[in-house]
Amino acid sequence: MQLDDTAKITQSKERILISREEIGTKVKELGKQISEDYRDKCPILIAVLNGGFIFCADLFRELTIDCEVDFIKISSYEDAMKTSGRVKLLKEVNAHLQGRHVLVVEDIVDSGYSVQYLHKKLQATNPQSLKFVSLLVKQGTERVPYEVHYVGFKIPNRFVVGYGLDLAQKYRNLPDIYVMD
Ligand code: IMP
Ligand code: MG
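So the sequence shown is residues 11 to 191, counted in my numbering.
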């Protein structure tokens, strides 16, 4: 897959898989549901960098309850389009998670390696609860068992960019989600 420039991608409207309007509606829905489920629990959202930062920022602002945010950074793709299967920790969470209601915010779940890794790592901090929300979940690509409690969209096995998602670090700034393959 070649790296097109941003202008070329955004001109090809037929490559849009999920529009900014659809994303906006879904993020509002998720925010409403999470606000109900976590009422009086003051959850701490953990955005998974880099991909999760835009979704997390939008979701966070849809929450109508007390809440906090912190960040963790992991990597498994090494600028490629397939997971390497090895998850590396690039930045630790700084907040103290013991006894907290922790909600991990992912951009996309593909093989499940990242969610599995994060679940094991964060469960070891003894949170009161630990759940995952992902804007996208790819279908038919699961390689390890995982659980995601809130899912925005189930998508086919295509490589997507935009709204935080990258190909070799590019296209994260696109407001819509585009297919690249
Ligand atoms: P997993 O560990 O295979 O489930 O992959 C999860 C991570 O891989 C996501 O958080 C993304 O950073 C990245 N990823 C998976 N599929 C895509 C894609 O289609 N586009 C961009 N990044 C992706
Ligand atoms: Mg990611």
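For every residue, glycine included, the Cβ atom is placed at its ideal position computed from N, Cα and C.
Relative to the Cα of Leu-59, the nearest Cα in the group Ile-118, Gln-108 and Tyr-188 belongs to Ile-118. If you compare the alpha carbons of Phe-169, Leu-184 and Thr-74 with that of Gln-43, the shortest gap goes to Thr-74. In this structure, the CA atom of Val-112 is about 28 Å from the CA atom of Asp-186. DSSP places Phe-70 in the uninterrupted alpha helix (DSSP H) bounded by 63–72. With respect to Ser-121, Thr-93 sits close: the two C-beta atoms are nearer than 8 Å. Taking all protein chains in view, the Cβ of Cys-52 is surrounded by fewer than 16 other Cβ atoms within 10 Å, so the residue is classified as exposed. Nearest Cα to Ser-85 within the set Asp-76, Arg-96 and Cys-77: Arg-96. With respect to the C-alpha of Ile-64, the residue from Tyr-173, Val-147, Glu-24 and Arg-168 having the closest C-alpha is Tyr-173. Taken through DSSP and simplified to helix, strand or coil, Asp-117 comes out as strand. Counting only runs of at least 4 residues, the region 122–174 fully encloses the following alpha helix (DSSP H) elements, listed from N- to C-terminal order: 123–133. Straight through space, the alpha carbons of Val-189 and Pro-137 are spaced by roughly 36 Å.
Taking Cys-77 as the centre and dropping the five residues before and after it, the same chain places the C-beta of Tyr-48, Cys-52, Pro-53, Ile-54, Leu-55 and Phe-70 closer than 8 Å to its C-beta, in chain order.
Per DSSP, the beta-bridge partners of Leu-177 are Lys-180. In its chain, beyond the 5 residues on either side, Asn-60, Gly-61 and Arg-182 have a beta carbon closer than 8 Å to the beta carbon of Asp-176. In summary, Ala-57 is buried, with 16 or more beta-carbon neighbours lying within 10 Å of its beta-carbon over all protein chains present.
In this structure, the C-beta of Tyr-188 stays at least 7 Å away from each heavy atom of ligand 1. Under the three-state reduction of DSSP, Leu-99 is assigned to strand. Looking at the DSSP output, Asp-186 shares a beta bridge with no other residue.
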